[in-house]
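Mind the numbering: the sequence shown is residues 1 to 393 in my numbering, read in order. Beta carbons: idealized from backbone N, C-alpha and C, even for Gly.
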Amino acid sequence: MEEKKTPPAPKRVKKPNIFVRAAALAATGGLILGALALVVYRDRFNLDAFKRWMTYRNMQTSATGEAAPFTHAGGGKLSVAYLEGGIVTASTAGAHYYGLNGERLAEEVLSMENPVLEASRTTGVVYDAGNQSLFAFRNSEEFFSLTLSGAADLLSARPNDSGWLAVTAQQSGFKGAVTVYNSLGKEVIQISLSSTFAVDAAISPDCKSVAVVTMGQEEGSFFSRLLLFRVNQTEPFAQVDLGSLTVLDLEYEGGFLWILGEDRLLIVDPQKAEAQSYTFAPNYLKGCSLDGDGFALLLTGRYRSGGATQAAIIRGADQSARSIELTGQVLDYAASGNHCALLSGSRLTLYDQELDVQATLDNPQGARYMDLAPNGSALLANDQQAWLYIPQQ
């Protein structure tokens, strides 16, 4: 007689939690409605305020919009820069990298005679101009360092937003050399010049070309020249004569190459190898930031001595200019994204590209140094502490 086997009980299908599903649907719907609202009301919606809220939503601030300050390493000749998610300082005491909450992420403690800080939105580079040490920071770490040997001296080091570096140095056997490093710190190309001095260089945003500024002498007169190289070729594909211009700063922005001189701002179209000039003489240059999206912040004064008496916005596409008169002393200034800012002893003022006031902070705790985030937040610092100011509107 066959034994009857009891068939296995059917597996119970776990019913989905209707409350979890409802919450998920509500969240998805909220995102969709939020996206639609951004499209429909984009002319009235402050997108930068939304970005600030998303970035700093877990950060506590005072009623004025200031986060709690933290202590930094200090040192002479101090400069500060805001990175994505961090802060870099450079001084005679070395290079230091902090999180936005003040956490120490990386540092190089050493004596620097001429500390220089160059920063893109993602990467901060600290080097000792005229000496041999360089350190680069990104993504909460020091990802690259360089120490030249022999009689070589660093002249400049500029990162782009992708983390590539153009390092200009004087090296034995050449009048100048520019070395390009990729985002991993690997050497891509070295451009060595024997007949003219290389004094500065910058990498294009797409990392496909490098602009090199050279200085030479003809018939007893000095002249400058801009040479454009592909990153896989050691011969230039284009050049622009700059005359007797002494180049003070260099930056790719808004499809153009911006070159700052003592009495003018050149805006070069790299595709056409043509330059347009904005001259600010007879006023005197007091400061300039080339870090705005498609514009430069220019500070000038009426007299050779003394501070700035005018701030101007220069746009690259049409060279249109807008300016305001200044009455107080400017301690520091910055431009980033669609914003620029001026810091005095008693007030921080944030402007848009039209130089209309967007936000003010009175009595900024003795801040003497500043930088701007692309979303319009400000990094403030004095000789001992640093903190963020996050506009509430």
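Residue environment, residue i, which counts as buried when at least 16 other CB atoms sit within 10 Å
i, result
"residue 110", "exposed"
"residue 26", "Since pLDDT at residue 26 reaches only 49, below the 50 mark, its modelled position is unreliable, and the value read off the structure follows with that caveat. By the neighbour-count rule (16 or more Cβ atoms within 10 Å), residue 26 is not buried but exposed."
"residue 123", "buried"
"residue 282", "exposed"
"residue 250", "buried"
"residue 369", "buried"
"residue 180", "buried"
"residue 144", "buried"
"residue 47", "exposed"
"residue 52", "buried"
"residue 291", "buried"
"residue 118", "buried"
"residue 200", "buried"
"residue 184", "exposed"
"residue 248", "exposed"
"residue 295", "buried"
"residue 116", "buried"
"residue 38", "Low local confidence applies: a pLDDT of 43 at residue 38 is under 50, so the model's placement there is unreliable, with the coordinate-based value given in what follows. Counting Cβ neighbours within 10 Å, residue 38 comes out exposed, since fewer than 16 surround it."
"residue 308", "buried"
"residue 381", "buried"
Residue i versus residue j: straight-line alpha-carbon distance, rounded
i, j, result
"residue 223", "residue 50", "48 Å"
"residue 137", "residue 320", "35 Å"
"residue 211", "residue 349", "34 Å"
"residue 112", "residue 94", "6 Å"
"residue 234", "residue 190", "8 Å"
"residue 160", "residue 103", "25 Å"
"residue 379", "residue 85", "12 Å"
"residue 125", "residue 135", "6 Å"
"residue 383", "residue 273", "43 Å"
"residue 197", "residue 215", "5 Å"
"residue 232", "residue 88", "31 Å"
"residue 44", "residue 338", "In this prediction, residue 44 has a pLDDT of 41, which is less than 50 and means its spatial position is unreliable; nothing more can be read from the coordinates."
"residue 147", "residue 376", "35 Å"
"residue 418", "residue 286", "The displayed coordinates of the chain run from 1 to 393. Any statement about residue 418 would go beyond what the structure contains."
"residue 306", "residue 58", "43 Å"
"residue 121", "residue 218", "39 Å"
"residue 41", "residue 228", "In this prediction, residue 41 scores a pLDDT of 41, lower than 50, which makes its location untrustworthy; no coordinate-derived value is stated."
"residue 207", "residue 366", "40 Å"
"residue 254", "residue 204", "11 Å"
"residue 328", "residue 91", "27 Å"
"residue 304", "residue 284", "6 Å"
"residue 344", "residue 114", "25 Å"
Residue span of the alpha helix (DSSP H) that contains residue i, given as start and end
i, result
"residue 396", "Only positions 1 to 393 of the chain appear in the structure, and residue 396 is not among them; the question remains open."
"residue 56", "47–56"
Beta-carbon contacts of residue i that lie in its chain and below 8 Å, excluding the five residues immediately before and after
i, result
"residue 60", "67 and 68"
"residue 187", "179, 180 and 181"
For residue i, the first and last residue of its enclosing beta strand (DSSP E)
i, result
"residue 144", "141–147"
"residue 370", "369–372"
"residue 118", "115–119"
"residue 231", "From DSSP, residue 231 is part of no beta strand (DSSP E); its letter is neither H nor E."
"residue 215", "209–218"
"residue 63", "It is not in any beta strand (DSSP E) - residue 63 carries neither H nor E in the DSSP assignment."
"residue 198", "197–203"
"residue 87", "86–91"
"residue 96", "94–99"
"residue 135", "133–138"
"residue 83", "79–83"
"residue 324", "321–325"
"residue 189", "187–193"
"residue 181", "176–181"
"residue 299", "295–301"
"residue 313", "310–315"
"residue 184", "From DSSP, residue 184 is part of no beta strand (DSSP E); its letter is neither H nor E."
"residue 426", "The displayed coordinates of the chain run from 1 to 393. Any statement about residue 426 would go beyond what the structure contains."
"residue 385", "385–389"
"residue 124", "124–128"
Chain-order list of residues whose beta-carbon lies under 7 Å from that of residue i (same chain, five-residue window excluded)
i, result
"residue 192", "174 and 177"
"residue 152", "132, 169, 170, 171 and 172"
"residue 371", "80, 81, 82, 334 and 379"
"residue 279", "263 and 264"
"residue 269", "256"
Same chain only: Cβ atoms within 6 Å of residue i, ignoring 5 sequence neighbours per side
i, result
"residue 266", "259, 275 and 277"
"residue 167", "157 and 179"
"residue 140", "105"
"residue 245", "224 and 261"
"residue 342", "330, 333 and 349"
"residue 56", "390"
"residue 312", "298, 321 and 323"
The ligand NAP heavy atom lying under 7 Å from the CB of residue i
i, result
"residue 352", "The ligand NAP is absent from the structure shown, which contains no ligands of any kind."
* beta strand (DSSP E) runs contained entirely in the region 328–379, provided each spans 3 or more residues -> 332–336, 339–343, 347–351, 357–362 and 369–372
* **Ordered list of beta strand (DSSP E) runs contained in the region 240–283, each at least 3 residues** => 249–253, 256–260, 264–269 and 274–279
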